[in-house]
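Using my numbering, the first residue of the sequence shown is number 1, and each one after it goes up by one.
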Amino acid sequence: MGLSLAEKILKAHMTDGEFIKGTEIGIRIDQTLTQDATGTMAYLEFEAMGLPRVRTERSVAYIDHNTLQSGFENADDHLFIGSAAKKFGVYYSRPGNGICHQVHLERFGIPGKTLLGSDSHTPTGGGIGMIAIGAGGLDVAVAMGGGAYYITYPKIVNVKLSGKLRGYVSAKDVILEVLRRLTVKGGVGKIIEYTGDGVKTLSVPERATITNMGAELGATTSVFPSDEITLDFLKKENRAEVWTEQKADEDAVYDETIEINLSELVPLAACPHSPDNIKSADEIGKIKINQVCIGSCTNSSLLDMMKVAHILKGKTVHPDVQLSIAPGSKQVLEMLAKNGLLAHMIDAGARILESACGPCIGMGQSPNTGGVSLRTFNRNFLGRSGTKDGQIYLVSPETAALSAINGYFSNPCELGEMPEFKLPDKFDINDNMITLPAEESADVEIIRGPNIKPYPKTAPLAETISAKVSLKVDDNITTDHIMPAGAKILPLRSNIPEISKHCFVVCDEKFPERAKSLGESIIVGGVNYGQGSSREHAALAPLYLGVKAVVVKSFARIHRANLINAGILPLEFADEADYGKISEGDELSLPGIAEAIKAGRNEFNLVNKTANEQYTVLCELSDRNREIMLAGGLLDYTRDKLAK
Ligand code: MIC
Ligand code: SF4
Numbered sequence: 001m002g003l004s005l006a007e008k009i010l011k012a013h014m015t016d017g018e019f020i021k022g023t024e025i026g027i028r029i030d031q032t033l034t035q036d037a038t039g040t041m042a043y044l045e046f047e048a049m050g051l052p053r054v055r056t057e058r059s060v061a062y063i064d065h066n067t068l069q070s071g072f073e074n075a076d077d078h079l080f081i082g083s084a085a086k087k088f089g090v091y092y093s094r095p096g097n098g099i100c101h102q103v104h105l106e107r108f109g110i111p112g113k114t115l116l117g118s119d120s121h122t123p124t125g126g127g128i129g130m131i132a133i134g135a136g137g138l139d140v141a142v143a144m145g146g147g148a149y150y151i152t153y154p155k156i157v158n159v160k161l162s163g164k165l166r167g168y169v170s171a172k173d174v175i176l177e178v179l180r181r182l183t184v185k186g187g188v189g190k191i192i193e194y195t196g197d198g199v200k201t202l203s204v205p206e207r208a209t210i211t212n213m214g215a216e217l218g219a220t221t222s223v224f225p226s227d228e229i230t231l232d233f234l235k236k237e238n239r240a241e242v243w244t245e246q247k248a249d250e251d252a253v254y255d256e257t258i259e260i261n262l263s264e265l266v267p268l269a270a271c272p273h274s275p276d277n278i279k280s281a282d283e284i285g286k287i288k289i290n291q292v293c294i295g296s297c298t299n300s301s302l303l304d305m306m307k308v309a310h311i312l313k314g315k316t317v318h319p320d321v322q323l324s325i326a327p328g329s330k331q332v333l334e335m336l337a338k339n340g341l342l343a344h345m346i347d348a349g350a351r352i353l354e355s356a357c358g359p360c361i362g363m364g365q366s367p368n369t370g371g372v373s374l375r376t377f378n379r380n381f382l383g384r385s386g387t388k389d390g391q392i393y394l395v396s397p398e399t400a401a402l403s404a405i406n407g408y409f410s411n412p413c414e415l416g417e418m419p420e421f422k423l424p425d426k427f428d429i430n431d432n433m434i435t436l437p438a439e440e441s442a443d444v445e446i447i448r449g450p451n452i453k454p455y456p457k458t459a460p461l462a463e464t465i466s467a468k469v470s471l472k473v474d475d476n477i478t479t480d481h482i483m484p485a486g487a488k489i490l491p492l493r494s495n496i497p498e499i500s501k502h503c504f505v506v507c508d509e510k511f512p513e514r515a516k517s518l519g520e521s522i523i524v525g526g527v528n529y530g531q532g533s534s535r536e537h538a539a540l541a542p543l544y545l546g547v548k549a550v551v552v553k554s555f556a557r558i559h560r561a562n563l564i565n566a567g568i569l570p571l572e573f574a575d576e577a578d579y580g581k582i583s584e585g586d587e588l589s590l591p592g593i594a595e596a597i598k599a600g601r602n603e604f605n606l607v608n609k610t611a612n613e614q615y616t617v618l619c620e621l622s623d624r625n626r627e628i629m630l631a632g633g634l635l636d637y638t639r640d641k642l643a644k
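Given below as structure tokens:
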């Protein structure tokens, strides 16, 4: 029986487990990446493990999220990460060099390799045939130390593409169509593999847009084959030597198949406030808009910028609209400057931002009260833009650019025939903003600003957990609810005591205070709890606030792993109806929980002392995860292991 491409790469990297679907496997990680909002914790964790140097083929630290620097905190974090990178053998991409996923694709990604990144959009690397997975910082720290990364051997979904995109229909519309069909939880426990004749009609930047936003499906990752188009891209990057062909076996068997005819797609948008709330441009109609933001790791390639410049050329941004554009990397921005396309953007009235995440993570450009903002980004969760009632639509660069001129939501197909946008034969390559690690670690001192605080205190799992429900939340809670980002809160990423004061405030402003005063507590939630970002802060802040267990209908993959890593028990209701029987303030108990986990049980009794009821809750744990839970989290587990 033939294997899919994803399985071939996984198999070639397997270190633990058996190749059986649904069971846990360990994979060797060739490359890692961190960004600055998750990187400080990741390098503190790596440091706490006591290893002198990373053991990967390539590890890169990027500065791209926290670049607003409205106080000393971010600049201190940059110094910390830069010095830690230098010491531990990590390449350092300086602020200004671009968004981690864009730069990694350009300068470091290698077909057929594995990449683990402390950012949920790491699957961008799937655009050149990598198995690229997003994870919490602690998992990345362990991988930097040469440790395996553990996943449940996923189901493989074949998205079979046929036809060719028409005119101004974009790669973004492909992934929005997949989201329309699968929803934000449809990819959990799955890898999305793209096959079929339509693949060869898509360039690498287009493929990367699709694998990038596959994160919004909750998928483990997404992958395209590596073919002659990939080779051409790597040649332009002067890296042809790293290319290998990567493809599925002819007789590969998939768990599911979805067929998409690219020729039939139309411009789509994800409407407020979820990436799977998909409507066509025509269904949305010509609604008035206030803001347009173009950029982010989803849509900031040279190809995207060329299309945008073409649409803006000789026009003026509508008087009622603010347009901002952030090219994804220094390479892209520099080429736009040299080929003159940047001038069309500036001339049209676009506000050019630095090559960084910027508005995508609420670092500036928050829209006006109730404002309608069209963004080429990947997430439109409530409040993420920094304006609580901002109405965010996720669209293609083509839709965004035309709408910015018209002042209303516009269908770019109105523009008629699209010219052929050809990427140049060679990209401008200048790695002068990437600092190499030191030859001798001992010579480097780590620079630590006053905002950088150590990892929170952990303790081995208690024999019995008895605690009140500090919060009850609904379905589809995102990590942006649990641990909001934005310009005010992101500077606190390396200070868990401070950042925990903002935990869950989107849902309930009193939560941090209440949890703290309870001492220990339990959170109750609905389906797909913890979707979105890889930020382990969404587990570390609850850990600091004394949360011992989270009981929900279902979890998103990365967040569940982050809870286990933090030593917080992730429990699921055996009967979803029990969710309705628990109220905030109820006193819950998990008697003999440590003993039961030690004994290998996956099913436990949750006693509701207030309602005088009992529920069955589930927690599937591998043997390794049991040990991690009992030890009080992955850091303690790893330290114990290294000590032995
Ligand atoms: C995001 O897009 O939500 C982020 C900010 O890039 C996060 C990482 C973080 O919270 O630092 C992600 O996607 O993992
Ligand atoms: Fe940065 Fe936005 Fe991409 Fe996250 S999704 S890495 S914040 S650009």
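The C-beta atom is built at its ideal place from N, Cα and C for all residues, glycine as well.
Can you tell me whether residue i is helix, strand or coil according to DSSP?
| i | result |
| --- | --- |
| A459 | coil |
| C360 | helix |
| E256 | strand |
| C293 | strand |
| A381 | Reading off the sequence shown, one finds Phe at residue 381, where the question assumed Ala. Three-state result, F381: coil. |
| I29 | coil |
| D347 | helix |
| F46 | helix |
| N158 | strand |
| E572 | strand |
| M306 | helix |
| N339 | helix |
| S198 | As written in the sequence, residue 198 is Gly, which differs from the Ser given in the question. G198 falls in the helix class under three-state DSSP. |
| L471 | strand |
| T220 | coil |
| Q614 | strand |
Would residue i and residue j qualify as a contact pair, given that the criterion is a beta-carbon distance under 8 Å?
| i | j | result |
| --- | --- | --- |
| G50 | L642 | yes |
| D139 | C100 | no |
| R379 | P275 | yes |
| I258 | E398 | no |
| D36 | I81 | yes |
| S59 | E445 | no |
| I568 | L543 | yes |
| G136 | A549 | no |
| T201 | L231 | no |
| I496 | L563 | no |
| G407 | H318 | yes |
| R53 | F108 | no |
| M41 | S494 | yes |
| G2 | D249 | yes |
| Q391 | G371 | yes |
| A6 | E283 | no |
| V242 | I289 | no |
| I482 | L492 | no |
| L423 | S203 | yes |
| V694 | V505 | Because the chain here runs from 1 to 644, residue 694 falls outside it and cannot be looked at. |
Alpha carbon to alpha carbon, how far is residue j from residue i? Give it in angstroms, no decimals.
| i | j | result |
| --- | --- | --- |
| I294 | G600 | 50 Å |
| Q331 | A459 | 46 Å |
| Y168 | P267 | 8 Å |
| V292 | F377 | 11 Å |
| T183 | T220 | 14 Å |
| S533 | H559 | 8 Å |
| S170 | N451 | 43 Å |
| V646 | V223 | The requested residue 646 does not occur in the structure, where the chain is confined to residues 1 to 644. |
| Y393 | F381 | 10 Å |
| T23 | C297 | 32 Å |
| A75 | A85 | 15 Å |
| T34 | G96 | 16 Å |
| A556 | L302 | 32 Å |
Going by the DSSP bridge assignment, what does residue i pair with across the sheet?
| i | result |
| --- | --- |
| I131 | T114 |
| T209 | For T209, which the question treats as bridged, DSSP gives no partner whatsoever. |
| A538 | Per DSSP, none; premise fails for A538. |
| T34 | A61 |
| R375 | C293, L394 |
| Y92 | A61, T435 |
Tell me whether the region 171–178 and the region 59–73 touch, counting them as touching only if at least three CB pairs, one residue from each stretch, are closer than 8 Å.
Result no; under three Cβ-Cβ pairs closer than 8 Å.
Inspect the CB distances between the region 471–489 and the region 604–618 and report whether three or more fall short of 8 Å.
Touching, no.
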